[in-house]
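For the sequence shown, the residue numbers in my numbering are 763 to 901.
We treat Cβ as the ideally placed atom computed from N, Cα and C, and that holds for glycine.
In what follows, a structure is listed as structure tokens, so that the remarks can point back to it.
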Amino acid sequence: MSPATAVAPPRRQDIVGDDDVVRIRQLVRSVATGTRLTLVDQTKLVTAASELARNTLVHGGGGYAEVQLVTNGRRNGIRLTFVDEGPGIADLDLAFTDGYTTGGGLGLGLSGSRRLMDDFDVRTEVGQGTTVTTVKWER
Numbered sequence: 763m764s765p766a767t768a769v770a771p772p773r774r775q776d777i778v779g780d781d782d783v784v785r786i787r788q789l790v791r792s793v794a795t796g797t798r799l800t801l802v803d804q805t806k807l808v809t810a811a812s813e814l815a816r817n818t819l820v821h822g823g824g825g826y827a828e829v830q831l832v833t834n835g836r837r838n839g840i841r842l843t844f845v846d847e848g849p850g851i852a853d854l855d856l857a858f859t860d861g862y863t864t865g866g867g868l869g870l871g872l873s874g875s876r877r878l879m880d881d882f883d884v885r886t887e888v889g890q891g892t893t894v895t896t897v898k899w900e901r
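Printed below as a string of structure tokens:
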């Protein structure tokens with residue numbers, strides 16, 4: 763991931779139910795509208811946030827998300843961080859394979875989200891949980 767420095771404190775949203783996935787979408791949309799992200803990039807950002815929030819809930823058993831304005835000195839962006847204390851991801855390469863799912867979905871959550879964002883990092887440990895950090899930069 764590109765180095766990013768916080769411009770503002772993170773805004774946190776717990777993820778414990780389906781309504782929280784909607785709240786994440788709303789929060790990300792409201793933060794994105796105050797940036798110079800194009801409408802297309804805002805849509806990509808909100809879509810990725812929705813997928814990652816759903817993964818946090820379904821596969822991680824819940825957790826939280828943080829939304830934060832960042833800069834790398836040349837461009838501004840929005841960093842999304844999703845944290846859970848669930849079972850972790852045993853085979854990260856397999857989890858990034860399109861079509862692979864353990865939850866009965868389309869298997870596009872992680873891989874699709876990675877394609878929508880500019881920077882994407884996953885830290886996971888079996889039995890300890892998963893943290894996904896991703897950034898969408900202004901063009």
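Going by C-alpha positions, residue 845 is about 24 Å away from residue 900.
Within the DSSP bridge table, the entry for residue 844 names 827 and 894 as partners. Taking 4 residues as the shortest admissible run, the segment 768 to 820 contains the following complete alpha helix (DSSP H) segments, listed from N- to C-terminal end: 780 to 794 and 801 to 820. Rounded to whole angstroms, the Cβ separation of residue 829 and residue 839 is 11 Å, and the two are not in contact under 8 Å.
Straight across, the Cα-Cα distance linking residue 889 with residue 779 is about 21 Å. Between residue 777 and residue 818, the gap from beta carbon to beta carbon is short of 7 Å. Boundaries of the alpha helix (DSSP H) harbouring residue 855: 854 to 857, taken from the DSSP string.
Residue 832 has 768 and 839 as its beta-bridge partners, per DSSP.
Nearest to residue 884 by alpha-carbon distance, out of 843, 806, 827 and 812, is 843.
In terms of Cβ geometry, residue 879 and residue 810 form a close pair [threshold 7 Å]. Closest option to residue 822, judged by alpha-carbon separation, among 848, 789, 813 and 856: 848.
Under the 10 Å beta carbon count, residue 792 is surrounded by fewer than 16 other beta carbons and is classified as exposed.
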